[in-house]
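Undergrad: Numbering (this note's numbering), first residue to last: 286 to 367.
#1: Does the segment 354 to 366 come into contact with the segment 313 to 324, if we say contact requires no fewer than three beta-carbon pairs (one atom in each stretch) closer than 8 Å?
#2: Given a threshold of 16 other Cβ atoms within 10 Å of its Cβ, counted over all protein chains shown, does residue 320 qualify as buried or as exposed?
#3: Below 8 Å on the Cβ atoms is my contact criterion, and I expect residue 347 with residue 328 to pass it. Report the Cβ-Cβ distance as a whole number of Å.
#4: Check this for me: beta carbons of residue 295 and residue 353, under 8 Å apart or not?
#5: Since I believe residue 340 is in contact with residue 331 (beta carbons under 8 Å), could you give me their beta-carbon distance rounded to a whole number of angstroms?
#6: Would you mind giving the Cβ-Cβ distance between residue 292 and residue 312, rounded to the nearest angstrom? I have them listed as a contact below 8 Å.
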């Protein structure tokens, strides 16, 4: 999957507002920064939520964001080394 398709799929799957695509590296860095901020927000929500039924979707979103962060880092490293 190309970088642009990866960014589009992440934006669509996490319902994030789109942002202007610049160079591939800069776009990936911007996306990773947004994902990291969202991850911190979700971690704080998870910390204060006591209801198990509400925690489950929060945990699932956290796993999805963590997966996308890891995948984005791999793509960024690949771009840096080419």
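Quick reminder that beta carbons are idealized off the backbone N, C-alpha and C, glycines included.
TA: Let me spell this out:
#1: yes
#2: buried
#3: 7 Å
#4: yes
#5: 6 Å
#6: 6 Å
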